[in-house]
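A.B. asks:
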Ligand code: SF4
Ligand code: SF4
Ligand code: SF4
Ligand code: SF4
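Chains as they are written, first to last, in the numbering used here: chain A, 138 to 412; chain B, 46 to 382.
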């Protein structure tokens with residue numbers, strides 16, 4: 138039995154036994170190469186699930202949908218390691234209760250897809266894997282190219298990209314870690330951050346987001362894929378992630394009992410920047 | 046016999062238009078994105094695109110636009126209207142759906158109040174469309190009763206020659222005729238055949254869709270909740286749509302001086318309808334998605350006699366979760382009656 142059939146029947150069983158109220162997975166998309174999120178509430182609907190190497194979206198973002206888990210019931214979700222990592226971060230930030238999420242895990246390696254053992258978040262230990270994981274070579278090359286620039290060149294690079302931003306907030310909306318019910322840029326009594334999408338406003342927005350994701354990003358790439366104007370957000374995430382590892386020896390989402398790095402402190406934290 | 050413009054005359058053509066006082070815009074690829082940008086020569090243009098990612102709307106209704114500058118003093122308030130420059134522009138290589146988008150929005154911007162910011166640009170721009178020779182999986186102009194060779198919104202329409210050497214040229218408005226008068230020596234009589242227009246299959250039955258939307262009992266249908274479950278509520282589909290036109294007015298500055306701006310806004314955002322009290326009449330994504338569909342295929346038609354969609358397909362092409370209006374309208378069209 139292939140993984141798709143296995144997970145279809147497992148999803149159907151979870152729904153018919155009443156263990157979960159909903160299964161979030163993938164269905165066919167509008168073209169042969171697209172997959173789209175599919176929500177199954179009945180065993181019949183679960184038969185529509187598709188699971189193959191084209192299922193790259195991080196579905197954990199739907200777990201923080203307002204009100205979804207407030208009834209205490211369980212939800213099952215198809216996740217690959219970056220999604221599981223996201224769930225770890227969400228639990229460590231008290232946004233999810235571990236026992237409300239049933240994980241139907243899978244991994245994609247080149248075009249191969251395999252099922253992951255375990256159903257509860259505590260069954261997965263990602264620590265080593267995340268730490269030793271190197272981003273794909275194209276990200277590393279791009280990142281290196283930017284590191285080699287002088288500050289003026291680097292500023293021009295980002296200016297060219299950020300001036301394209303249209304503040305559609307797709308990057309935020311697809312990100313599991315952007316769960317704030319009211320994002321700071323939407324706080325408008327008064328309007329703290331200007332809504333204007335001119336180059337300065339776009340810098341403001343992208344920098345605010347980069348800072349708010351520092352030490353919290355699961356490197357799933359959802360924001361990068363969602364951006365309709367192709368801003369290389371992967372490079373922002375990569376650099377911020379690296380910064381946090383170097384400064385605090387902290388890698389977000391290794392497990393769910395971590396203390397969020399920028400929301401906790403140690404007595405012996407260096408205070409080099411405080412006079 | 047018809048007139049043609051050869052591709053190798055395009056540089057001269059751009060120069061002639063510039064000499065006549067026009068800035069020339071065309072599809073370009075810049076910084077990993079395709080859009081309309083100013084060009085100096087033919088090689089700046091990206092001709093191989095089915096459609097640029099960004100729409101031509103950006104150049105008539107920009108994402109952020111200064112309206113007035115203000116200064117509040119002890120005795121008086123000074124303000125200065127910041128009308129857009131009325132420079133003359135040629136938009137070359139516009140696809141019929143994008144040109145239609147402009148025509149669809151004209152009545153909106155000129156209805157009870159004539160929006161100077163839109164019309165100054167409209168009145169000073171000449172739209173040169175190129176009939177499509179290629180369509181992708183998302184194109185749906187025929188479903189909304191337009192076509193890859195529609196001349197709606199165009200001033201000049203070009204049909205690619207089958208041999209790829211240039212375009213057959215036809216003025217379809219007075220403005221277009223006037224534009225061609227600036228390049229008489231660059232056009233030549235010729236009877237080369239034109240390239241075939243792609244067959245774009247109709248994806249849904251528009252009449253059926255409009256009828257269903259018009260029926261009041263469907264407003265609260267479970268259909269809206271089911272179809273919009275995966276929508277994450279970003280502004281991608283509205284901001285990339287050639288006809289979406291919602292905006293917000295914001296004052297940027299402090300209590301004493303600043304700039305009042307007109308910024309794109311989107312019905313997909315929960316903040317769009319949020320009242321000061323905190324009450325939100327459209328407090329779920331399904332009600333917001335319903336608004337987008339109803340506005341385009343019911344309310345707009347009721348007011349202006351035309352649907353607010355030109356079938357460009359961008360909303361599906363660019364949606365991060367593979368939604369878009371095509372799927373919804375198909376589903377409505379297929380509902381059991
Ligand atoms: S910031 Fe981007 S890459 Fe990081 S978790 Fe959010 S969506 Fe994924
Ligand atoms: S997805 Fe891209 S265009 Fe949209 S707000 Fe984010 S960075 Fe800007
Ligand atoms: S349909 Fe897609 S592009 Fe439009 S708001 Fe929803 S998620 Fe964003
Ligand atoms: S609704 Fe979609 S298909 Fe219609 S004009 Fe807008 S982006 Fe294009």
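In this text, a Cβ means the ideal position worked out from N, Cα and C, and glycines have one as well.
Is it true that the CB of residue 331(B) sits closer than 9 angstroms to the CB of residue 257(B)?
C.D. replies: On the second chain, residue 257(B) is found 212 positions in, with the first residue counted as 1. On the second chain, residue 331(B) is found 286 positions in, with the first residue counted as 1. Contact: no.
A.B. asks: Of all Cβ atoms in chain B, is any one closer than 9 angstroms to the Cβ of residue 323(A)?
C.D. replies: Position 186 of the first chain, counting from 1, holds the residue named residue 323(A). Yes - at least one Cβ of chain B is within 9 angstroms of the one on residue 323(A).
A.B. asks: According to DSSP, is residue 53(B) helix, strand or coil?
C.D. replies: Position 8 of the second chain, counted from the start, is the residue given in the question as residue 53(B). Residue 53(B): helix per DSSP, three-state reduction.
A.B. asks: Quick one: grab the DSSP three-state call for residue 374(A).
C.D. replies: Reading the first chain from its first residue, position 237 is the one you call residue 374(A). Note: residue 374(A) maps to helix in three-state DSSP.
A.B. asks: What are the boundary residues of the alpha helix (DSSP H) that residue 372(B) is part of?
C.D. replies: Within the second chain, residue 372(B) is the residue found at index 327, counting from 1. Per DSSP, residue 372(B) belongs to the alpha helix (DSSP H) from 370–379.
A.B. asks: Using three-state DSSP, classify residue 213(A) as helix, strand or coil.
C.D. replies: Locating residue 213(A) in the first chain gives position 76, counting from the first residue. DSSP places residue 213(A) in strand when its eight states are reduced to three.
A.B. asks: Decide if residue 215(A) is buried, meaning its Cβ has at least 16 other Cβ atoms within 10 Å, or exposed.
C.D. replies: Stepping through the first chain from its first residue, residue 215(A) is reached at position 78. By the 10 Å Cβ count, residue 215(A) comes out buried.
A.B. asks: Is residue 90(B) helix, strand or coil by DSSP?
C.D. replies: Counting from 1 along the second chain, the entry for residue 90(B) is found at position 45. Here residue 90(B) sits in coil by DSSP.
A.B. asks: Report the rounded CA-to-CA distance for residue 342(B) versus residue 356(B), giving the unit in angstroms.
C.D. replies: Numbered from 1 along the second chain, position 297 holds the residue referred to as residue 342(B). Numbered from 1 along the second chain, position 311 holds the residue referred to as residue 356(B). Computed Cα separation, rounded: 12 angstroms.
A.B. asks: Which bits of chain A does residue 212(B) rub up against, with CB to CB less than 9 angstroms?
C.D. replies: Stepping through the second chain from its first residue, residue 212(B) is reached at position 167. The premise fails here: residue 212(B) is roughly 29 angstroms from chain A at the closest Cβ pair, so nothing lies under 9 angstroms.
A.B. asks: Compute every distance between the C-beta of residue 313(A) and the non-hydrogen atoms of ligand 3, then say whether any falls below 8 angstroms.
C.D. replies: Residue 313(A) sits at position 176 when you count from the first residue of the first chain. Checking every heavy atom of ligand 3 against the Cβ of residue 313(A), none is found closer than 8 angstroms.
A.B. asks: Which full runs of the alpha helix (DSSP H) of 4+ residues lie inside the stretch 183–253 of chain A, going along the chain?
C.D. replies: Listed in chain order, the complete alpha helix (DSSP H) runs (minimum 4 residues) inside the stretch 183–253 of chain A are 218–229.
A.B. asks: For the putative contact between residue 187(A) and residue 211(A), defined by C-beta atoms under 8 angstroms, what is the C-beta separation to the nearest angstrom?
C.D. replies: Numbered from its first residue, the first chain carries residue 187(A) at position 50. Numbered from its first residue, the first chain carries residue 211(A) at position 74. The Cβ separation is near 23 angstroms, so there is no contact.
A.B. asks: For residue 395(A), collect the residues of the same chain with a Cβ closer than 7 angstroms to its Cβ; drop the 5 residues on either side in sequence, then sort them by chain order.
C.D. replies: Taking the first residue of the first chain as position 1, residue 395(A) is located at position 258. Answer for residue 395(A): 229, listed in chain order.
A.B. asks: Taking 9 angstroms as the threshold (beta carbon to beta carbon), is residue 357(A) in contact with chain D?
C.D. replies: The structure shown contains no chain D; its protein chains are A and B.
A.B. asks: Compare the C-alpha of residue 338(B) against each of 122(B), 186(B), 326(B) and 283(B) and name the closest.
C.D. replies: By one-based count along the second chain, residue 338(B) stands at place 293. For the residues 122(B), 186(B), 326(B) and 283(B), the minimum Cα distance to residue 338(B) belongs to 283(B).
A.B. asks: Flag this pair as yes or no: are the beta carbons of residue 173(B) and residue 146(B) separated by less than 9 angstroms?
C.D. replies: If you number the second chain from 1, residue 173(B) lands on position 128. If you number the second chain from 1, residue 146(B) lands on position 101. No, the pair does not count as a contact, with Cβ atoms beyond the cut-off.
A.B. asks: Can you give me the C-alpha to C-alpha distance between residue 343(A) and residue 349(A), rounded to a whole angstrom?
C.D. replies: Within the first chain, residue 343(A) is the residue found at index 206, counting from 1. Within the first chain, residue 349(A) is the residue found at index 212, counting from 1. The alpha-carbon atoms of residue 343(A) and residue 349(A) are separated by roughly 10 angstroms.
A.B. asks: Are the Cβ atoms of residue 47(B) and residue 215(B) separated by less than 9 angstroms?
C.D. replies: The residue you call residue 47(B) lines up with position 2 of the second chain. The residue you call residue 215(B) lines up with position 170 of the second chain. Contact flag set, yes.
A.B. asks: Could you pull the DSSP bridge partners for residue 121(B) from this structure?
C.D. replies: As a position in the second chain, residue 121(B) is number 76, starting the count at 1. Answer is none; residue 121(B) lacks a bridge partner.
A.B. asks: Kindly indicate which three-state DSSP category residue 366(B) falls into: helix, strand or coil?
C.D. replies: Here the question's residue 366(B) lines up with position 321 in the second chain. Coil at residue 366(B), not helix or strand.
A.B. asks: Can a CB atom of chain B be found closer than 9 angstroms to the CB of residue 188(A)?
C.D. replies: In the first chain, residue 188(A) corresponds to position 51, counting from 1. No - not a single Cβ of chain B is within 9 angstroms of the one on residue 188(A).
A.B. asks: In chain order, what residues of the same chain lie with their CB nearer than 6 angstroms to the CB of residue 302(B), ignoring the 5 residues before and after it?
C.D. replies: In the second chain, the residue the question calls residue 302(B) occupies position 257. Hits under 6 angstroms: 116.
A.B. asks: Under 8 angstroms between beta-carbons, which chain A residues line up against residue 295(B)? List them in chain order, please.
C.D. replies: The residue labelled residue 295(B) in the question sits at position 250 within the second chain. The answer, in chain order, is 328, 331, 332 and 333.
A.B. asks: Shorter than 8 angstroms, the distance from the beta carbon of residue 355(A) to the closest heavy atom of ligand 1, or not?
C.D. replies: Taking the first residue of the first chain as position 1, residue 355(A) is located at position 218. Residue 355(A): yes, Cβ under 8 angstroms from ligand 1.
A.B. asks: With residue 296(A) as the anchor, note down where its alpha helix (DSSP H) starts and where it stops.
C.D. replies: As a working note, residue 296(A) is residue 159 in the first chain. Unbroken alpha helix (DSSP H) run through residue 296(A): 288–299.
A.B. asks: Can you look up residue 296(B) in the DSSP assignment and give me helix, strand or coil?
C.D. replies: Counting from 1 along the second chain, the entry for residue 296(B) is found at position 251. Strand, per DSSP.
A.B. asks: Go through the stretch 126–190 of chain B residue by residue and report every complete run of the alpha helix (DSSP H) that reaches 4 residues or more, in order.
C.D. replies: Qualifying alpha helix (DSSP H) stretches, in chain order: 141–154 and 161–168.
A.B. asks: Should residue 359(A) be listed as close to ligand 1, given that the test is whether its C-beta is under 8 angstroms from any heavy atom?
C.D. replies: In the first chain, the residue the question calls residue 359(A) occupies position 222. Answer for residue 359(A): yes, Cβ within range of ligand 1.
A.B. asks: Starting from residue 319(B) and walking both ways along the beta strand (DSSP E), at which residues does that stretch end?
C.D. replies: Residue numbering aside, residue 319(B) sits at position 274 when the second chain is read from its first letter. Neither: residue 319(B) is in no beta strand (DSSP E) and is coded neither H nor E.
A.B. asks: Measure from the alpha carbon of residue 199(A) to the alpha carbon of each residue in 140(B), 144(B) and 278(B), then state which is nearest.
C.D. replies: Locating residue 199(A) in the first chain gives position 62, counting from the first residue. Closest by alpha carbon: 278(B).
A.B. asks: In the DSSP assignment, what residue or residues form a beta bridge with residue 74(B)?
C.D. replies: Reading the second chain from its first residue, position 29 is the one you call residue 74(B). DSSP lists 79(B) as partners of residue 74(B).
A.B. asks: Write down the C-beta distance between residue 68(B) and residue 132(B) rounded to the nearest angstrom, noting that I regard them as a contact closer than 8 angstroms.
C.D. replies: Mapped onto the second chain, residue 68(B) falls at position 23. Mapped onto the second chain, residue 132(B) falls at position 87. Confirmed, Cβ separation roughly 6 angstroms.
A.B. asks: Which residues of chain A have a Cβ atom closer than 7 angstroms to the Cβ of residue 308(B), listed in chain order?
C.D. replies: Stepping through the second chain from its first residue, residue 308(B) is reached at position 263. Residues of chain A passing the Cβ test: 332, 333 and 334.
A.B. asks: Residue 182(B) to residue 168(A), Cα distance in whole Å?
C.D. replies: Here residue 182(B) is taken as the residue at index 137 of the second chain, counted from 1. Here residue 168(A) is taken as the residue at index 31 of the first chain, counted from 1. Taking the straight line from one Cα to the other gives about 7 angstroms.
A.B. asks: Where does residue 392(A) sit, in a helix, a strand or coil, going by DSSP?
C.D. replies: Here residue 392(A) refers to the residue found at position 255 when the first chain is read from its first residue. Note: residue 392(A) maps to coil in three-state DSSP.
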